[in-house]
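Participant: What follows is a structure written as structure tokens; I'll ask about it next.
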Amino acid sequence: MPSLFASYLRVYEPLTAFDRDRQMFWRRYVREGRAVAPLEGPGRQRTAVLEALGAGWTRLPDLPDEAYVLEADDTLLVCPWNLRVRVAEAALSARDGVPSVLADAFVPPILAGQAKAIVEDWRSGARVLEHGVPRVHEQIATWGVPLRWFVFVDAEERELVTRRGRRALRYRTEISKARRRAHRGVSVLRKSVGDAPITEAVEEGARWLEEFHPRSVVELDYGGLVDLLSDEVLEEDDSPKLVAAGLAGLSRGDADAATEAYEKLVSRWRAVQLLERCN
């Protein structure tokens, strides 16, 4: 289920990416002031999933459509939450690593089957064909930021807020730029390290970005991680720059430069991940 100490990779799509009914729904949603701010969203998502999991499991519940909304250049962009998929994923996760007797008591097999069908249907692209919308618009990572996400953004796109009661760090970029960076990164990695896990991870991200409208906006949000980091650490964070330096080193055959950048990144984010054990 969603953790409050998580980072997020989101895609906001223009209304033209949705069918006519969904366009009308999202316009009304915004007009009625129902859009949720990114600072509030993770907590509300977590509450919704927990309440759904505690509903007795007679069926997978129908959940209200919610979204983050962004206005850029007089264009309305929407990042739907896809809560039904989140609940299905949480149901399957609840069974992982648990003895079958306990798993069946908490999430009965018939409901686990429903959850699996929902997740597989979404990931297979069936919903894309049926409803004209791409896959999940938001990826979530707990206790850190996946290093591959930094491939998609540039250090100059950072937005940092350190006001009391409202701290945030995020990067926003046009999806066309994120796609170019992703494909360039895949090309460099494939030539230098071959079919390594990092190559496959960046390639998967590149494929995910291709699912969306060409005028979408990509957002990398540190989310609740900012509560684990001081203002000074946030100010000095240059993770996208280190990723870019590492890829540049690989492209010119400078293994030492690439290794130095990678080790700095791993050391920085390992310190954050270790906080989970202290929690």
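Numbering (the working numbering), first residue to last: 6 to 284.
Cβ coordinates follow ideal geometry from the N, Cα and C atoms, glycine included.
In this text, all values refer to a predicted model and were calculated from it rather than measured experimentally.
(1) What are the boundary residues of the alpha helix (DSSP H) that includes Thr-204?
(2) CB Ala-117 to CB Ala-95, shorter than 9 Å?
(3) Are three or more beta carbon pairs between the segment 268-282 and the segment 175-186 nearer than 8 Å?
(4) If I follow the unbroken beta strand (DSSP E) through Thr-80, where does it start and stop?
(5) Decide if Gln-50 is buried, meaning its Cβ has at least 16 other Cβ atoms within 10 Å, or exposed.
(6) For the ligand GTP, any of its heavy atoms closer than 8 Å to the Cβ of Leu-116?
(7) Return the Cβ separation of Val-112 and Arg-100 in integer angstroms, given the expectation that the two are a contact with Cβ distance under 8 Å.
(8) When the Cα of Glu-71 is compared with those of Thr-80, Asp-78, Ala-77, Pro-47, which residue comes out closest?
(9) For Arg-177, report the span of its beta strand (DSSP E) as first-last.
(10) Is the distance from the Cβ of Pro-19 to the Cβ of Ser-221 below 9 Å?
(11) Terminal residues of the continuous alpha helix (DSSP H) containing Thr-21?
Facilitator: From the atom records:
(1) Here the alpha helix (DSSP H) through Thr-204 covers 202-214.
(2) No.
(3) Too few Cβ pairs lie closer than 8 Å, so no.
(4) Residues 80-85.
(5) With 16 or more Cβ atoms within 10 Å of its Cβ, Gln-50 is classed as buried.
(6) In terms of ligand content, the structure shown is empty, and the ligand GTP therefore cannot be addressed.
(7) 5 Å between Cβ atoms; contact.
(8) Considering only alpha carbons, the answer is Pro-47.
(9) From DSSP, the beta strand (DSSP E) with Arg-177 extends over 171-179.
(10) Closer than 9 Å, so yes.
(11) Per DSSP, Thr-21 lies in no alpha helix (DSSP H) segment and is marked neither H nor E.
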